[in-house]
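**Student:** First, the structure itself, so that you have it in front of you.
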Amino acid sequence: MVKVRNLHKSFGSLEVLKGVSFDVSKGEVVCIIGPSGGGKSTLLRCINHLEEPDKGLVEIDGKPVVSTTRSIFRKDHHLNKMRSEIGMVFQRFNLFPHRTALDNVIEGLVTVKKMRRKEAREIGLEYLRKVGLADKVNEYPSRLSGGQQQRVAIARALAMQPKVMLFDEPTSALDPELVGEVLAVMRDLAKGGMTMLVVTHEMSFAREVANRVMFIDDGQILEEGPPEQVLGRPQKRRTADFLRRVV
Amino acid sequence: MDFAVIWKYLPVLAKGAVTTVELTALAVVIGTLLGLVIAFAAISKNVILKGFARFYTWLIRGTPLLLQLFLIYYGLPQLGLTLSPFAAAVAGLSINSAAYIAEIVRAAIQSIDKGQMEAARSIGMSYFQAMSRVILPQAYLRMIPPLGNEFIALLKDSSLVATISMVDLMRTAQQMYATTFRPMEIFIAAGALYLLLTTFFTVTFGRLERKLAVYQ
Ligand SMILES: Nc1ncnc2c1ncn2[C@@H]1O[C@H](COP(=O)(O)OP(=O)(O)OP(=O)(O)O)[C@@H](O)[C@H]1O
Ligand SMILES: [Mg+2]
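Which chain is which? The protein sequence lines are D and A, in order.
Everything in the first sequence is counted per the working numbering, starting at 34 for the first residue and increasing by one.
Everything in the second sequence is counted per the working numbering, starting at 11 for the first residue and increasing by one.
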């Protein structure tokens, strides 16, 4: 489903990704862990091309994620299409503050998929129900708690019916008591067979839900494998050090 | 002080005020359109567009409006382009306000969190869809107070066009003072009319801001 080959990315002289390669198969949940500044966010952002990789290949379902035009005046149909198939959930939610919960969820359906509002509303309601927010449909984000905002953001990404979901530390900005409700939604999603790439510091979530854990440090995948192996019996010194620090 | 004089000449002054309103309205519309173009040039990645926008705002904001009006009205005929006082006034005010409006628009757009553009792009929206449906609607709200100030300044600065023989409110007041020798009454009346017009802007923009701020 996701194929990443030899991904390189530098910011100026700082080399953030130093040749990352991996595959994620359909329905697989991969958790990405690693120290701050190791390049986890950059990796996710390269997958949906929010950052343009310097080198390497990203494919979703056999189709490359690449920009086909340099000019902002020409619509990049291919890239926009690819992005609509890749759901992204941000650490800081990034909900549209001027739109209600429902309008946030249906924005992509209406503007990108050109769906009629009425039809989009049905779908939007369904996804808000799915994340447990049927009663907050007409609230503006400023009136929602962090956990609720993040669930709206998840619903917004899901409404596009993505082939894969990327999560960049979705619970890091939340008060501890709100983390659970977001993780519960993600757990359901994983059970439902969604292909997921999750950058997280929630080790218990990784242990329970992930099929595979990748430890990324200094722009490289240092170690990967089933959670019980990487989290339980890490092979590399750096992984062990990191785990000791976060637990 | 004789207030009867004010009532007597108010209709004539009001006629000058109409011209002031026409000038300001045209300059607001043209200046805003021009300002938008320059603002988008300023935030674009294209170095030529960016450079042009910088140069424009530097040039216009760095020289007096009065000088710009003189250049257009008295200077251009030397190059074979003679404009009517009205056309020269509209051109001068629009070109001048565009530079300030561009800065307001640019600052408002750039003040919107980067995550908004990223969220919009990540669901597949194009740059222009993201701009028009996500960034600009939020930026409008932040533009409104400074734009209100800018339009009020524009309205008052439009009095400078009196110097290029445009008969606006200010010029009308000057002419009437010359014929009636009642400067106190005439200028107070003219001032009241300016106040009425600027108050209109203040109230309208206040309402607009409250209306757009529902989501906060
Ligand atoms: N747009 C950018 N411009 C310049 N440097 C950047 C940019 N984005 C990221 N970096 C740098 O790249 C490095 C990797 O950043 P990245 O956000 O990918 O790390 P991370 O693993 O997600 O860390 P964290 O756990 O803190 O989120 C950091 O040193 C960061 O400062
Ligand atoms: Mg990060």
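Just so it is clear, CB atoms sit at the ideal spot from N, CA and C, and this is done for glycine as well.
Is any beta-carbon of chain A found at less than 9 Å from that of T339/D?
**Tutor:** Any question about residue 339/D goes unanswered here, given that chain D covers just 34 to 280.
**Student:** Quick one, are the C-beta atoms of G72/D and V49/D less than 9 Å apart?
**Tutor:** Contact: yes.
**Student:** Are any of the Cβ atoms in chain A nearer than 9 Å to that of F123/D?
**Tutor:** It does: the Cβ of F123/D has a partner Cβ on chain A nearer than 9 Å.
**Student:** The beta strand (DSSP E) that contains I249/D, what's its start and end?
**Tutor:** 245 to 250 is the span of the beta strand (DSSP E), which, as asked, contains I249/D.
**Student:** Does the CB of S121/A have a neighbour CB from chain D at under 9 Å?
**Tutor:** Not closer than 9 Å to any Cβ of chain D, the Cβ of S121/A fails to qualify, so no.
**Student:** Please determine whether the Cβ atom of Q124/D lies at a distance below 8 Å from any heavy atom of ligand 2.
**Tutor:** Within the cutoff, so yes.
**Student:** Closer than 9 Å, CB to CB, is A51/A near chain D or not?
**Tutor:** With 9 Å as the cut-off, A51/A does not count as an interface residue toward chain D.
**Student:** Strictly below 8 Å CB to CB, what residues from chain A border E152/D?
**Tutor:** Chain A residues near E152/D: none, gap ~17 Å exceeds 8 Å.
**Student:** With 9 Å as the threshold, decide whether the Cβ of Y160/D is near any Cβ in chain A.
**Tutor:** No, its Cβ sits nowhere closer than 9 Å to a Cβ of chain A.
**Student:** Taking Cβ to Cβ, would you say G150/A is nearer than 9 Å to P130/D?
**Tutor:** Checking the sequence shown, residue 150/A turns out to be Tyr, not Gly. For Y150/A and P130/D, no; Cβs fall outside 9 Å.
**Student:** Which of the three DSSP states, helix, strand or coil, is assigned to R64/A?
**Tutor:** Reduced to three states, the DSSP call for R64/A is helix.
**Student:** Out of P155/A, S94/A, G26/A, state which residue places its alpha-carbon closest to the alpha-carbon of A118/A.
**Tutor:** Ranking P155/A, S94/A, G26/A by Cα distance to A118/A puts P155/A first.
**Student:** Assuming E214/D and R176/D form a contact by the criterion Cβ under 8 Å, report the distance between their Cβ atoms to the nearest whole angstrom.
**Tutor:** That pair is no contact at about 17 Å.
**Student:** Does chain A have any CB closer than 9 Å to the CB of L83/D?
**Tutor:** Interface residue, yes.
**Student:** Just reading off the alpha helix (DSSP H) that V31/A is part of, what are its end residues?
**Tutor:** 13 to 53 is the extent of the alpha helix (DSSP H) around V31/A.
**Student:** For A223/A, is the classification buried or exposed, using 16 other Cβ atoms within 10 angstroms of its Cβ as the cut-off for buried?
**Tutor:** Its Cβ having fewer than 16 others within 10 Å, A223/A is exposed.
**Student:** Looking at I111/A: is its Cβ nearer than 9 Å to the Cβ of L157/A?
**Tutor:** In this structure, L157/A lies closer than 9 Å to I111/A by Cβ.
**Student:** Does the region 159 to 169 of chain D come close enough to the region 184 to 203 of chain D that 3 or more CB-CB pairs lie under 8 Å?
**Tutor:** These segments touch.
**Student:** Measuring only between beta-carbons, confirm whether A118/A sits less than 9 Å from chain D.
**Tutor:** Cβ-Cβ to chain D under 9 Å: no for A118/A.
**Student:** Go ahead and pull the three-state DSSP assignment for P97/D.
**Tutor:** Here P97/D sits in strand by DSSP.
**Student:** Excluding the 5 residues flanking Y187/A on each side, which residues of the same chain have their C-beta closer than 8 Å to its C-beta?
**Tutor:** Counting only Cβ-Cβ distances below 8 Å, and skipping sequence neighbours, we find P193, I196, F197.
**Student:** Is the Cβ of A190/D closer than 9 Å to any Cβ of chain A?
**Tutor:** With 9 Å as the cut-off, A190/D counts as an interface residue toward chain A.
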